[in-house]
Amino acid sequence: MVSIIFNGGIGNQLFEVFSLLGLAQKLNRTAIFNADDYVLHSNLGLLNDQIPLVASRVISIPLESFKYFSSIDSSIKKWLKPSEREMISLKKLIRRKDELRFKTCVHVRRGDFLSDGQHAGTDKTFTIRAIDHLYTLHSGLVLIFSNDPEWVRNEIVEHLDYQNDVKIMETSKDNAIKDLYFSQVHCDSVLITAPSSTFGWWIGYLSKNQSSVYYRDIHETEDTVKYQLVEEDFFPPTWKKIGISRNGLIISK
């Protein structure tokens, strides 16, 4: 018997569910959850409502590693594939004249990351410089996902020279799954500015080109997760780690 304990937001929950399914497959076991556990049962309801193909298949250890579910990668992307109705809605988010333009998706995490004493929220200077860097590589649309759109508008977008090519994607917490759908359909490149964000991780993992996912070097930040994070287990090998030099240049690491 292999079981899980749900904790955190949808990013953490996806890691837990898919790690459970991947481990169960490797061990030739059946994945189950305790129906008598009220909290677990309640949290599973989120996936049941939004991702029924996953919930229907349903260790207290950290499960934030793609290696647990690498053997079911194709199945995961099938389960998380948007419905035809959702696809119609997603296509409407991009103007027809912009459909063929390169799209860089940026995940910005603030909110609880600023006050939980463990994580570090997105840094203004790094984010501006990194977006500039990626825009130089591929000019096109810059789509920014964040739980603090007002901060993004005032502290990031206002400092970019190509504001007409930038769009803030405002999605309510209850509909966060829509950002993951969007990534599959539209994101040609992804920038993860808060490297310990599991939701940012999933935006990268589900994006169209796994060799164009960029994440900040966590050791440059005040994020205490860096002391327990095993980078080669958390970040896929095709992703690119970047940092910022003392003179403000974005560098590969």
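All residue numbers for the sequence shown refer to the numbering used here, where the first residue is 1426 and numbers rise by one.
Virtual Cβ for every residue (Gly too), placed ideally from N, Cα, C.
Do the stretch 1487 to 1497 and the stretch 1562 to 1582 make contact, defined as three or more Cβ pairs closer than 8 Å?
Taking 8 Å as the limit for Cβ pairs, the verdict is that the stretch 1562 to 1582 does not touch the stretch 1487 to 1497.
Using a Cβ-Cβ cutoff of less than 7 Å, which residues in the same chain neighbour Asn1397 once the five nearest sequence positions on both sides are dropped?
There is no way to answer for residue 1397, as the model of the chain reaches only from 1426 to 1678.
May I ask which residues mark the beginning and end of the alpha helix (DSSP H) holding His1611?
Numbered from 1 along the sequence shown, position 186 holds the residue referred to as residue 1611. Per DSSP, His1611 belongs to the alpha helix (DSSP H) from 1602 to 1611.
Starting from Thr1596 and walking both ways along the alpha helix (DSSP H), at which residues does that stretch end?
Your numbering for residue 1596 matches position 171 in the sequence shown. Taken as a continuous stretch (DSSP letters only), Thr1596 belongs to no alpha helix (DSSP H), as it is neither H nor E.
Give me the Cβ distance between His1532 and Ile1675, rounded to the nearest whole Å; I'm assuming they're in contact under 8 Å.
Here residue 1532 is taken as the residue at index 107 of the sequence shown, counted from 1. Here residue 1675 is taken as the residue at index 250 of the sequence shown, counted from 1. The pair is not a contact, with the Cβ atoms about 16 Å apart (cut-off 8 Å).
For the alpha helix (DSSP H) that Ser1514 lies in, which residues bound it at each end?
The residue labelled residue 1514 in the question sits at position 89 within the sequence shown. First-last of the alpha helix (DSSP H) with Ser1514: 1509 to 1516.
Assess, as a yes-or-no matter, whether the stretch 1502 to 1512 is touched by the stretch 1537 to 1550 under the definition of 3 or more beta carbon pairs within less than 8 Å.
Touching, no, given that fewer than three Cβ pairs across the two stretches are closer than 8 Å.
Can you tell me whether DSSP reads His1544 as helix, strand or coil?
By 1-based counting over the sequence shown, the position of residue 1544 is 119. If DSSP states are grouped into helix, strand and coil, His1544 belongs with coil.
Just grab the DSSP bridge partners of Leu1566 for me.
On the sequence shown, position 141 is the one that residue 1566 refers to. Lys1528, per the DSSP bridge assignment.
Only counting the same chain, and skipping five residues up and downstream in sequence, which positions put a Cβ closer than 6 Å to that of Ser1637?
By 1-based counting over the sequence shown, the position of residue 1637 is 212. Once the five neighbours on either side are set aside, the close Cβ partners of Ser1637 are Ser1614.
I need the DSSP call for Ser1444, collapsed to helix, strand or coil.
Position 19 of the sequence shown, counted from the start, is the residue given in the question as residue 1444. Helix at Ser1444.
Could you tell me the alpha carbon to alpha carbon distance between Asn1672 and Tyr1630, rounded to whole angstroms?
Position 247 of the sequence shown, counted from the first residue, corresponds to residue 1672. Position 205 of the sequence shown, counted from the first residue, corresponds to residue 1630. Those two C-alpha atoms are separated by around 31 Å.
Helix, strand or coil for Tyr1587 per DSSP?
Here residue 1587 is taken as the residue at index 162 of the sequence shown, counted from 1. Tyr1587: coil per DSSP, three-state reduction.
In chain order, what residues of the same chain lie with their CB nearer than 6 Å to the CB of Tyr1639, ignoring the 5 residues before and after it?
Sequence index remark: in the sequence shown, residue 1639 carries index 214 (1-based). Excluding residues within five positions, the ones whose Cβ falls inside 6 Å are Leu1616, Lys1665, Ile1667.
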